[in-house]
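Engineer: Chains A and B, in that order, are what the protein sequence lines are.
Numbered as in numbering that gives the first Met the number 0, the first sequence ends at 83 without a single skipped number.
Numbered as in numbering that gives the first Met the number 0, the second sequence ends at 616 without a single skipped number.
Ideal Cβ positions, reconstructed from N, Cα and C, are used throughout, including at glycine.
If you scroll down you'll find the structure; I have some questions about it.
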Amino acid sequence: MVRIEFKLFAGLMTYLPAGTKGHAVSVEVADGTTIHEVIDRFKVPRQRAHLVVCNGVIMHLADRDRHQLREGDVIALWPPIAGG
Amino acid sequence: MAWTGKILRIDLTNIACSTEELNRQWAQEYLGQRGLATKYLVEEIDAKVDALSPENKMIMTTAPLTGTMASTGGRYSVVTKSPLTHCIACSNSGGFIGAELKNAGWDMIIFEGRAPTPVYLYIVNDQVELLSADEIWGTSVWSTDAWLHNKHQDPLLRIAAVGRSAEAGCLYAGIVNDLHRAAGRSGVGTVMAAKNLKAVAVRGTLGVGNIHDPARFMQAVTAGKKVLAEGAVTGEGLPTYGTQVLMNVINEVGALPTRNMSEVQFEGVSKVSGEAMHEPRKSDGKPNLTTNAGCFACTIACGRISTIDQGHFSVENKPEYWGNSGGLEYEAAWALGPDIGVDDLDALTYANYLCNEDGYDPISFGSTLAAAMELYQLGAITKKQTGGVELTFGSAEALVWAAEITATGEGFGKDLGLGSKRLCEKYGHPELSMTVKGQEFPAYDPRGIQGMGLAYATSNRGACHLRGYTVSSEVLGIPEQTDPLATENKAALVKAFQDATAVVDSAGLCIFTTFAWSLEDIARQIDAACEGDWSAERLTEVGERIWNMERDFNLRAGMTAADDTLPKRFLKDAAKTGPATGRVCDLDQMLPEYYQLRGWDADGVPTDATRQRLGLA
């Protein structure tokens, strides 16, 4: 098992467990778990996870199936957003 | 058509107004607004002119789609020579006055000279008068707005004005219209005040009816609105969260400049983010954000309307600041927050109100204050200059104090009004100024987003995100994702963004439409509205022509390739946290390729072949 931090922002915050303070929860996942699998675990619809960042690095769709989570990874998700 | 074909020329020195025909040939080459008004400016003034002298001119300009039913078609721009950068200035604003000016029958207003005493311009369609502004000189934008509405007894009068900061000579003063929107950057308000012009008040009832092919235009506009409504970002993301939602994103990817851009992540980010604006306050249970808001004809509506906690120290016993007003956008929130290390959302909101009330650019103000705080940290500025105020990073009290004195130019506010470059030079540390060509940076660190480094270095108005917003691609994945830490292919990316933005700014539309619209979507609307065949390819060429025309003006004004650079902090000091750890901005890996793609020589000068290709010879 590895412990990771899972962060949800903007409209995705409703998928955080009830009572969560702030944006992040700390969770344990099995070795080899992918980003998509942890997104599914929190019942975030995959198409709503528009921007996915792992340790600050942007994860493309393929990366979300390929990258296996490691101890201390920080995953952050946003719905479609922009600014400037 | 879509242009009204009429230009209003205001000779302020002689208090005289005249009408002239629009140059149709130029309209075909430069479209409108940013492009067309810049063409007028570069033909009419010497590029070396003192920006604050009567010899400089200032153009308020609309575009073919301004005032039409095209979504976001309410934009106008102010074009002049900048007193902050000595380069071309073009500041773009939304709200309603742009559409009102077009509905009054004018494509643009060219202001020249300097009025002998303060005046304002009053326009009701083709009735145009210069009237005394003696009673409102020395008052804020908001007071001026109220005074003009009361005097003319017309609630639908649209007003753009300068505040006390501009009158005091703050070099980054803007022109605020409709209370909360602003042509904010590069000191266009300083130029207006130097002309003794306090305000422009417009009422237009003529409509914008001269559309080339009305039926096809309606079809194109309806199709365009559908694309925006169905676009995830324009239909949902921007209206719901506004631009401020970027705060956490940019921090997470390690590109949120912090404490005068010395760091790339801010520990207090969650307290000043877009999400924080939705959280109920402990005092009254209400969130900072009241609602979103839209400009004329906009179907996105990203604007923020906010309130401040009435018990907050900044507004204690000041009921005039307890109501709803223009809230924080991302760039302003960054400059008033992370860049000075402050995480007090109410203090940021109050400072933002003051920027609107007295018309000064929150980006340049916050960035200048950040430099002042670093100078204070070094001991180069002391309590002697601040009158006893502790100018420390993280101090909300210092922010509120600084915003109040910059609004009026009192005491140390005069120094803050110099902008970061001149302030740092005055206090002996020019290396602490986070500027390009004299203009302060916005909210993206070029070590974490490499393409932005090239965009900043080559921007025609100095450090600016709105001259080539590669963040869209490098972070947000629009239109396609590129690696923010890579330098390969960034020269082409920056050029493409710069040219496309130049033409969108010349159409009368908001750049935010491009989060969903392609240039083809825009071309269909322009082609239906205007004479001539307007394709995406032609629009791109117009954008490139505009970019090179602006570049030529800057070169004639005295700028050289040596100015296409970044502060040493970004080139020498590596990022210490986040994914860009150990990286500087590798500008030297991108700039030569950029010059080559632009068709410029090694000195950054457009070659004869480039000029001929673009019709600039």
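Quick one: which chain B residues come within Cβ less than 9 Å of A/H49?
Structural biologist: As a working note, residue 49 of chain A is residue 50 in the first sequence. Ordered by position in chain B, the residues that pass the 9 Å Cβ test against A/H49 are A231, V232, G236, L475, G476.
Engineer: Select from B/F364, B/N553, B/L586 the residue whose C-alpha is nearest the C-alpha of B/R568.
Structural biologist: Here the question's residue 568 of chain B lines up with position 569 in the second sequence. Among B/F364, B/N553, B/L586, the Cα nearest to that of B/R568 belongs to B/L586.
Engineer: Report all residues from its chain with a CB closer than 8 Å to the CB of B/R8; omit the five preceding and five following residues, and keep chain order.
Structural biologist: Here residue 8 of chain B refers to the residue found at position 9 when the second sequence is read from its first residue. If we look at B/R8 and ignore the five residues flanking it on each side, its Cβ neighbours are C16, S17, T18, E19, I108, I109, E111.
Engineer: Tell me, please, whether the CB atom of B/Y329 is closer than 8 Å to any CB atom in chain A?
Structural biologist: On the second sequence, position 330 is the one that residue 329 of chain B refers to. It does: the Cβ of B/Y329 has a partner Cβ on chain A nearer than 8 Å.
Engineer: Do you know offhand how far B/L596's Cα is from B/T143's?
Structural biologist: Here residue 596 of chain B is taken as the residue at index 597 of the second sequence, counted from 1. Here residue 143 of chain B is taken as the residue at index 144 of the second sequence, counted from 1. Near 47 Å, if we compare the C-alpha coordinates of B/T143 and B/L596.
Engineer: Please report the straight-line C-alpha distance between B/Y349 and B/M548, rounded to a whole angstrom.
Structural biologist: The residue given as residue 349 of chain B occupies position 350 in the second sequence. The residue given as residue 548 of chain B occupies position 549 in the second sequence. Near 39 Å, if we compare the C-alpha coordinates of B/M548 and B/Y349.
Engineer: Output needed in chain order: residues of the region 14–36 of chain A with a Cβ under 9 Å from some Cβ in chain B.
Structural biologist: Listed by position along the chain: G21, H22.
Engineer: If you follow the alpha helix (DSSP H) that B/I510 is part of, which residue opens it and which one closes it?
Structural biologist: Indexing the second sequence from 1 puts residue 510 of chain B at position 511. Premise fails: B/I510 is in no alpha helix (DSSP H) and is neither H nor E.
Engineer: Does any residue of chain B have a CB that is nearer than 8 Å to the CB of A/G83?
Structural biologist: Residue mapping note: residue 83 of chain A aligns to position 84 of the first sequence, counting from 1. Yes, A/G83 counts as interfacial toward chain B.
Engineer: Applying the criterion that 16 or more other CB atoms from any shown protein chain within 10 Å of the CB defines a buried residue, is B/E617 buried or exposed?
Structural biologist: Within the shown structure, residues of chain B are numbered from 0 to 616, placing residue 617 of chain B beyond reach of any answer.
Engineer: Does B/P318 come out as helix, strand or coil in the three-state DSSP assignment?
Structural biologist: Looking up residue 318 of chain B in the second sequence gives position 319. Here B/P318 sits in helix by DSSP.
Engineer: Between B/D308 and B/S282, how many whole angstroms is the CB-CB distance? I'm expecting something under 8 Å.
Structural biologist: Here residue 308 of chain B refers to the residue found at position 309 when the second sequence is read from its first residue. Here residue 282 of chain B refers to the residue found at position 283 when the second sequence is read from its first residue. With a Cβ gap of about 5 Å, B/D308 and B/S282 count as contacting.
Engineer: At a CB-CB cut-off below 8 Å, which residues of chain A make contact with B/T239?
Structural biologist: One-based indexing of the second sequence puts residue 239 of chain B at position 240. Residues of chain A passing the Cβ test: A9, G10.
Engineer: Tell me whether the beta-carbon of B/H85 lies closer than 8 Å to the beta-carbon of B/G437.
Structural biologist: As a working mapping, residue 85 of chain B is identified with position 86 in the second sequence. As a working mapping, residue 437 of chain B is identified with position 438 in the second sequence. Yes, the pair counts as a contact, with Cβ atoms nearer than the cut-off.
Engineer: Whole angstroms are fine: how far does the CA of B/P445 sit from the CA of B/S185?
Structural biologist: If you number the second sequence from 1, residue 185 of chain B lands on position 186. If you number the second sequence from 1, residue 445 of chain B lands on position 446. Using only the alpha carbons, I get a separation of about 21 Å.
Engineer: CA-CA distance, B/I299 and B/C463?
Structural biologist: In the second sequence, the residue the question calls residue 299 of chain B occupies position 300. In the second sequence, the residue the question calls residue 463 of chain B occupies position 464. Looking at the two C-alpha atoms, the distance is approximately 23 Å.
Engineer: If I measure Cβ to Cβ from B/E620 and keep anything under 8 Å in the same chain, skipping five residues before and after, which residues do I get?
Structural biologist: Look at the range of chain B in this structure, 0 to 616, and you will see that residue 620 of chain B is not part of it.
Engineer: Spatial neighbours of B/T407 within its chain, please: CB distance less than 8 Å, with the 5 preceding and 5 following residues excluded, ordered by chain position.
Structural biologist: Here residue 407 of chain B corresponds to residue number 408 of the second sequence, with the count starting at 1. Answer for B/T407: R163, S164, A167, D357, listed in chain order.
Engineer: Give me the Cα-Cα distance between B/A409 and B/V493, rounded to the nearest whole angstrom.
Structural biologist: Residue 409 of chain B sits at position 410 when you count from the first residue of the second sequence. Residue 493 of chain B sits at position 494 when you count from the first residue of the second sequence. Note on residue identity: the sequence assigns Glu, not Ala, to residue 409 of chain B. In a straight line, the C-alpha of B/E409 is about 40 Å away from that of B/V493.
Engineer: With which residues is B/D10 paired in a DSSP beta bridge?
Structural biologist: By one-based count along the second sequence, residue 10 of chain B stands at place 11. BP columns for B/D10 point to B/A15, B/E111.
Engineer: In its own chain, which residues sit with a C-beta less than 6 Å from the C-beta of B/A402, not counting the 5 before and 5 after it?
Structural biologist: Counting from one through the second sequence, the residue named residue 402 of chain B turns up at place 403. The answer, listed in chain order, is A350, L353.
Engineer: Could you tell me how far apart the beta carbons of B/S305 and B/N323 are, in whole angstroms, since I believe they sit closer than 8 Å?
Structural biologist: For the purposes of this step, residue 305 of chain B is taken as residue 306 along the second sequence, with counting starting at 1. For the purposes of this step, residue 323 of chain B is taken as residue 324 along the second sequence, with counting starting at 1. The pair is a contact, with the Cβ atoms about 7 Å apart (cut-off 8 Å).
Engineer: So is B/L245 in contact with chain A if we call contact Cβ pairs under 8 Å?
Structural biologist: The residue you call residue 245 of chain B lines up with position 246 of the second sequence. So yes, B/L245 belongs to the interface.
Engineer: Given this structure, state the Cα-to-Cα distance separating B/V77 from B/G203, to the nearest angstrom.
Structural biologist: Along the second sequence, read from residue 1 onward, the residue named residue 77 of chain B stands at position 78. Along the second sequence, read from residue 1 onward, the residue named residue 203 of chain B stands at position 204. Their Cα atoms are separated by approximately 19 Å.
Engineer: In this structure, how does DSSP classify B/W546 when only helix, strand and coil are distinguished?
Structural biologist: One-based indexing of the second sequence puts residue 546 of chain B at position 547. Helix at B/W546.
Engineer: Could you check whether the region 215–232 of chain B touches the region 114–131 of chain B, counting it as contact only if at least three pairs of C-beta atoms, one from each stretch, sit closer than 8 Å?
Structural biologist: In short, these stretches do not touch, since the Cβ pair count stays below three.
Engineer: Alpha carbon to alpha carbon, what distance is there between A/H35 and B/F95?
Structural biologist: In the second sequence, residue 95 of chain B corresponds to position 96, counting from 1. In the first sequence, residue 35 of chain A corresponds to position 36, counting from 1. In a straight line, the C-alpha of B/F95 is about 45 Å away from that of A/H35.
Engineer: List the endpoints of the continuous alpha helix (DSSP H) containing B/R163.
Structural biologist: Along the second sequence, one-based indexing puts residue 163 of chain B at 164. It spans 163–166 - the alpha helix (DSSP H) in which B/R163 sits, taken as one unbroken run.
Engineer: Here's the rule I'm using: 16 or more other beta-carbon atoms within 10 Å means buried, otherwise exposed. How should B/M45 be labelled?
Structural biologist: Sequence index remark: in the second sequence, residue 45 of chain B carries index 46 (1-based). The sequence given here places Asp at residue 45 of chain B; Met does not occur at that position. With fewer than 16 Cβ atoms within 10 Å of its Cβ, B/D45 is classed as exposed.
Engineer: Under 8 Å: do the region 219–234 of chain B and the region 339–346 of chain B share three or more Cβ pairs, one atom per stretch?
Structural biologist: No contact exists between the region 219–234 of chain B and the region 339–346 of chain B.
Engineer: Would you identify the three-state DSSP class for A/C53, choosing helix, strand or coil?
Structural biologist: Counting from 1 along the first sequence, the entry for residue 53 of chain A is found at position 54. A/C53: strand per DSSP, three-state reduction.
Engineer: Whole angstroms is fine: what's the gap from B/A501's alpha carbon to A/C53's?
Structural biologist: On the second sequence, residue 501 of chain B is found 502 positions in, with the first residue counted as 1. On the first sequence, residue 53 of chain A is found 54 positions in, with the first residue counted as 1. Going by the C-alpha atoms only, they are around 34 Å apart.
Engineer: Any heavy atom of the ligand FMN within a distance shorter than 7 Å of the CB on B/K420?
Structural biologist: Among the ligands in the structure shown, none appear at all, so the ligand FMN cannot be discussed.
Engineer: Expressed to the nearest angstrom, what Euclidean distance is found between the alpha-carbon atoms of B/A397 and B/D343?
Structural biologist: As a first step, residue 397 of chain B must be located in the second sequence, where it is residue number 398. As a first step, residue 343 of chain B must be located in the second sequence, where it is residue number 344. If you take the alpha carbons of B/A397 and B/D343, they lie about 12 Å apart.
Engineer: On the DSSP bridge assignment, give the partners of B/L129 in chain order.
Structural biologist: As a first step, residue 129 of chain B is located in the second sequence; it is residue number 130 there, counting from the start. Answer by DSSP bridge pairing, in chain order: B/L120.
Engineer: Mind checking which residues open and close the alpha helix (DSSP H) that includes B/L344?
Structural biologist: The residue you call residue 344 of chain B lines up with position 345 of the second sequence. Taken as a continuous stretch (DSSP letters only), the alpha helix (DSSP H) holding B/L344 covers 344–357.
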